[in-house]
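Structure, as structure tokens:
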Amino acid sequence: MTIEFTMVQSIGFAVILLLIGRFLRSHISFFERFAIPSPVIGGFLFALINLLFHYTHWVNITFDTTLQAFFMVLFFTSIGFGASPVILKKAGPKVAIFLSVAIGLVILQNLVAVGLAPLLNVPGPIALMTGSTAMTGGHGTSAGIAPLVEAAGLKGAESVAYTAATFGLVAGSLIGGPIAARLIRSKNLANVHDKDKKDYSFLREKMHPLDTERMTTAFIWLLVAMFFGSYITDAINNVIQGWTSMAQFPSYLGPMIFGVLARWFSDRRYARKGGVEIVAHQEIEVVGAVSLSLFLAMALMSVKLWDLGSLAIPMIALLAAQTLLAYLYVRFVTFKAMGSTYDAAVLLAGHAGFGMGATPNGVANMESVTRKFGPSPTAFFVLPVVGGMFIDFFNVFIITLFLALV
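Note that the numbering used here has the sequence shown beginning at 56, numbered continuously upward.
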């Protein structure tokens with residue numbers, strides 16, 4: 056028996072799975088502890104059920120994923136509006152250094168994946184789905200990149216990416232705190248807390264009640280960015296066309312770039328002069344969060360877990376290598392690059408969390424460390440700025456370049 060969901064039915068079913076995921080997360084401590092997103096919970100649950108359907112040949116379910124692509128571009132466009140060059144300039148050297156460190160981990164994650172691919176007899180693009188796509192990028196970037204690899208004829212890319220991203224959420228949450236705690240105790244760092252007196256008030260945007268006009272403005276900006284940004288993507292792809300089929304940048308790249316430019320114009324022209332913002336930042340963030348939940352639910356519910364069968368052992372090896380890399384990198388690179396101080400140890404824990412999972416996992420790691428050893432305002436300023444505003448933007452470029460090479 057075959058069941059075909061229309062576009063409207065597909066998004067409605069995704070919302071139902073999202074609600075189920077929310078319910079399970081609020082009632083099962085494991086999901087809350089490791090910050091597993093609700094759409095991932097609901098989507099993976101159905102993917103497991105669908106796996107049973109597949110092997111029993113009871114029912115074949117297909118979805119119209121038109122809206123998945125729309126919400127994906129909408130989400131990544133909102134990331135562009137969040138990456139403010141003005142904030143990066145004001146934030147100071149610590150943010151710039153940590154961003155460079157985070158980019159370094161992104162590059163190494165992909166090098167490890169590509170390097171191990173021939174040894175494990177795995178296609179390079181498939182192996183890359185366990186690199187920064189799933190680790191630093193998490194489920195959001197996985198849902199944006201993996202379909203491109205699938206479209207190139209490499210089955211299993213989406214299943215590998217989503218499974219790796221889920222593994223990363225748990226692994227990153229487990230290794231960050233213990234490494235930081237061991238360093239703090241062995242080097243007696245707990246007695247030297249954050250003495251940074253830098254004024255970070257420029258980050259605290261004035262919060263206001265959401266209203267129809269501002270939400271409409273947010274949608275307008277996002278849709279305008281998607282329109283003009285699509286031409287930017289086409290122009291870039293036309294320039295590099297002919298290299299390889301993998302060297303095509305994803306459709307959301309141009310909208311992200313347009314979003315960065317619009318945010319820069321808004322911040323520079325109005326915020327610095329105390330005027331009224333022309334980009335509704337708060338509302339754009341809300342639209343982006345909603346879009347992420349919807350497109351993740353749609354992406355996860357349509358994943359074909361049966362494609363993982365032949366990749367199980369190589370995938371275990373790749374994920375073990377990524378875990379070892381993250382451990383060594385945050386311990387010997389992140390910690391030293393950030394000054395080998397108490398703040399650096401807290402940031403180490405955070406980097407383990409978001410370098411293998413997501414920014415909320417990194418923040419949760421830092422909270423567990425500071426509850427035990429004391430506050431670190433600088434760490435709680437630096438990590439969200441890099442993890443929430445900038446790293447996804449650089450990660451997309453790096454992933455696409457690696458895909459072009461393999």
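Backbone N, C-alpha and C define an ideal beta-carbon position, used for all residues, glycine too.
Buried or exposed for residue i, please, with buried defined as at least 16 other CB atoms from any protein chain shown within 10 angstroms of its CB.
i, result
"Thr425", "buried"
"Val114", "exposed"
"Arg240", "exposed"
"Asp266", "exposed"
"Arg88", "exposed"
"Ile275", "exposed"
"Ile453", "buried"
"Ile58", "exposed"
"Ile339", "buried"
"Thr111", "exposed"
"Ser81", "exposed"
"Lys149", "buried"
"Ala399", "buried"
"Glu205", "buried"
"Arg318", "buried"
"Pro92", "buried"
"Phe390", "buried"
"Ile368", "exposed"
"Thr378", "buried"
"Val315", "buried"
"Phe85", "exposed"
The beta strand (DSSP E) that contains residue i, what's its start and end?
i, result
"Ile116", "115 to 117"
Tell me whether the beta-carbon of residue i lies closer than 7 Å to the beta-carbon of residue j.
i, j, result
"Leu160", "Asn416", "no"
"Met190", "Ala212", "no"
"Ala381", "Leu402", "no"
"Gly410", "Leu438", "no"
"Leu103", "Ala372", "no"
"Val418", "Val169", "no"
"Phe320", "Ala280", "no"
"Ser214", "Leu360", "yes"
"Ser139", "Gln164", "no"
"Asn420", "Gly195", "no"
"Tyr397", "Leu244", "yes"
"Phe130", "Gly343", "yes"
"Gly227", "Gly98", "no"
"Ser357", "Phe118", "yes"
"Gln64", "Met353", "no"
"Ala201", "Ala220", "no"
"Phe101", "Leu74", "no"
"Leu203", "Ile181", "no"
Counting along the chain, where does the alpha helix (DSSP H) carrying residue i start and finish?
i, result
"Thr132", "121 to 137"
"Ile234", "212 to 241"
"Met353", "336 to 356"
"Phe435", "432 to 440"
"Met200", "The residue you asked about is not Met; residue 200 is Ile in the sequence shown. Unbroken alpha helix (DSSP H) run through Ile200: 193 to 206."
"Gly98", "93 to 111"
"Ala404", "397 to 411"
"Pro415", "414 to 428"
"Lys149", "148 to 171"
"Val461", "Looking at the DSSP string, Val461 is not in any alpha helix (DSSP H), and its letter there is neither H nor E."
"Ile371", "367 to 384"
"Leu183", "179 to 183"
"Phe85", "84 to 88"
How many whole angstroms separate the CB atoms of residue i and residue j, which I take to be in contact at a CB cut-off of 8 Å?
i, j, result
"Ala198", "Leu351", "6 Å"
"Thr132", "Leu277", "5 Å"
"Tyr307", "Met127", "6 Å"
"Val95", "Gly67", "Incorrect: roughly 19 Å between the Cβ atoms, too far for contact."
"Phe436", "Ile158", "Not really, about 19 Å apart at Cβ, beyond 8 Å."
"Gly135", "Met311", "4 Å"
"Ala335", "Ala375", "Not confirmed; about 44 Å, so no contact."
"Asn292", "Phe304", "6 Å"
"Val177", "Leu458", "Not a contact, Cβ separation roughly 14 Å."
"Val388", "Val167", "About 14 Å separates the two Cβ atoms, so there is no contact after all."
"Met370", "Phe153", "The Cβ separation is near 30 Å, so there is no contact."
"Ile162", "Val385", "Contact doesn't hold; Cβ gap of about 15 Å is too wide."
What does DSSP give as the partner residue(s) for residue i in the beta ladder?
i, result
"Glu59", "Thr117"
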